[in-house]
Amino acid sequence: FFLVACKEAPENVVIAGDSWAFFTCNNQSLDLAFKNAGLEKIAATNSDCAATTMPDIRAENWLVSKTHILTLLALQNPDVKVLYLSLGGNDLINHWNKGMSYAEEQRLFKTVQDHLTTIIAIYKKTRPDLKILISGYDYPRFNERTLVPPYQRAYELMGKPTPEQINQSLIQFSDSMTKYVNREDVFYIHHLGLMQYYFGNPSQGLAAFQTLPPDQISSKEHPAQYGGDPRLQTDEAALLSVNKVVDSFHLSKSGYNKLADHAVQIYLKDWF
Numbered sequence: 002f003f004l005v006a007c008k009e010a011p012e013n014v015v016i017a018g019d020s021w022a023f024f025t026c027n028n029q030s031l032d033l034a035f036k037n038a039g040l041e042k043i044a045a046t047n048s049d050c051a052a053t054t055m056p057d058i059r060a061e062n063w064l065v066s067k068t069h070i071l072t073l074l075a076l077q078n079p080d081v082k083v084l085y086l087s088l089g090g091n092d093l094i095n096h097w098n099k100g101m102s103y104a105e106e107q108r109l110f111k112t113v114q115d116h117l118t119t120i121i122a123i124y125k126k127t128r129p130d131l132k133i134l135i136s137g138y139d140y141p142r143f144n145e146r147t148l149v150p151p152y153q154r155a156y157e158l159m160g161k162p163t164p165e166q167i168n169q170s171l172i173q174f175s176d177s178m179t180k181y182v183n184r185e186d187v188f189y190i191h192h193l194g195l196m197q198y199y200f201g202n203p204s205q206g207l208a209a210f211q212t213l214p215p216d217q218i219s220s221k222e223h224p225a226q227y228g229g230d231p232r233l234q235t236d237e238a239a240l241l242s243v244n245k246v247v248d249s250f251h252l253s254k255s256g257y258n259k260l261a262d263h264a265v266q267i268y269l270k271d272w273f
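Numbering (the working numbering), first residue to last: 2 to 273.
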């Protein structure tokens, strides 16, 4: 609703899903990324994207949410060509534990994917011509110094994993997602290591621009390829900070802008 006044071009991309979709929407990051790619005429952010995103939403309860209904309505706009969907992260945070066996972890991943299958089928039935990009995540920053109570609880419920344990789980999830999508009209891109490339992790001796560059992270040719050092967390400089309290999972505005650039450069710029 708050973007309607500044929207003149047709809306070409519906942004939907969880908090990572919300911040991408709220920052108009995809619009900026399309502009950076020389595609100024592509209007990425649907004007009601604040209604098609919900920060705490999980894939498992998406279909009973108002956000799903509003996403379905937004997709009826014939100018829309792409659904940019971010879902699954909250399912992992709430259900994953470092003590899981490989088989248990794979069952969790499949459960998330089964929910996504149902969601995608509904949207494809409404818009058979639609292309869908499922956008994943980057390494988080859960640790003993986490100050935000919900993140403290999540960290404890996950069994207080080391950075490498939680990062390896995200790597495995992303790998399974790249095999899950059909790569014909449904694609998956993750951003693992993207923030380490741009911001480094100075306190751990990692300077910026020393790790795998963005064009090689989750590329078309190697969609499972991750970047950065999975032993390390995302640096505080790349994360959302409110009153000097650093978020454990969400990126700063600059971070989401770089994430959107990554999605546009790898996939979206070629879809218009």
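The beta-carbon is built from N, C-alpha and C at its ideal position, and this holds for glycine as well.
The structure displayed is predicted, hence computed values, not measured ones.
Compare the C-alpha of Leu-93 against each of Leu-158, Lys-126, Gly-228, Thr-179 and name the closest.
Among Leu-158, Lys-126, Gly-228, Thr-179, the Cα nearest to that of Leu-93 is on Leu-158.
Quick one: grab the DSSP three-state call for Ala-6.
Confidence at Ala-6 is low in this model, with a pLDDT of 37, below 50, so its placement is unreliable and the value that follows should be read with caution. DSSP places Ala-6 in helix when its eight states are reduced to three.
Whose C-beta lies closer than 8 Å to the C-beta of Gly-194 among residues of the same chain, with five residues either side of it excluded?
The residues are Asp-139, Tyr-140, Thr-212, Leu-213, Ile-218, Tyr-227, Gly-228, Gly-229, Asp-230, Pro-231.
In the structure shown, what three-state DSSP assignment does Thr-235 receive?
Here Thr-235 sits in coil by DSSP.
Can you name the start and end residues of the beta strand (DSSP E) that Lys-268 belongs to?
The residue asked about is misnamed: residue 268 is Tyr in this sequence, not Lys. Counting along the chain, Tyr-268 falls outside any beta strand (DSSP E), and DSSP gives it neither H nor E.
Go to Val-113, then tell me how far its alpha helix (DSSP H) extends in each direction, as first and last residue.
Taken as a continuous stretch (DSSP letters only), the alpha helix (DSSP H) holding Val-113 covers 103-127.
Which of the three DSSP states, helix, strand or coil, is assigned to Ala-75?
DSSP places Ala-75 in helix when its eight states are reduced to three.
Check for me: the alpha helix (DSSP H) holding Gly-18 runs from which residue to which?
Gly-18 -> not in any alpha helix (DSSP H); beta strand (DSSP E) instead, spanning 14-18.
Beta-carbon within less than 6 Å of Tyr-156's beta-carbon, same chain only, minus the 5 sequence neighbours each way: which residues are those?
Hits under 6 Å: Phe-143, Thr-147.
Can you list, in chain order, the residues of its chain with a C-beta nearer than 7 Å to that of Asp-80? Leave out the 5 residues immediately preceding and following it.
Contacts found: Pro-11, Glu-12, Asn-13.
Helix, strand or coil, according to DSSP, for Leu-148 in the structure here?
In the structure shown, Leu-148 sits in coil (DSSP, three-state: anything other than H, G, I, E or B).
If you compare alpha carbons, which of Ser-136, Ser-253, Asn-258 is closest to Tyr-268?
Of the candidates Ser-136, Ser-253, Asn-258, the one whose C-alpha sits nearest the C-alpha of Tyr-268 is Ser-136.
Can the beta-carbon of Gln-23 be found closer than 8 Å to that of Thr-72?
Just to set this straight, residue 23 is Phe in the shown sequence, not Gln. No, they are not a contact pair.
In the structure shown, what three-state DSSP assignment does Ile-167 receive?
Helix.
Please confirm if the stretch 56-70 is in contact with the stretch 28-47, defined as three or more CB-CB distances below 8 Å between the two stretches.
Contact fails: fewer than three Cβ-Cβ distances are below 8 Å.
Is Pro-164 buried or exposed, if buried means 16 or more other CB atoms sit within 10 Å of its CB?
Looking at its Cβ environment, which holds 16 or more other Cβ atoms inside 10 Å, Pro-164 is buried.
Based on Cα-Cα distance, which residue from Asp-216, Met-196, Pro-215 lies nearest to Ala-208?
If we check each option's Cα against that of Ala-208, Met-196 comes out closest.
Which class does Lys-132 belong to by DSSP, given the choice of helix, strand or coil?
Strand.
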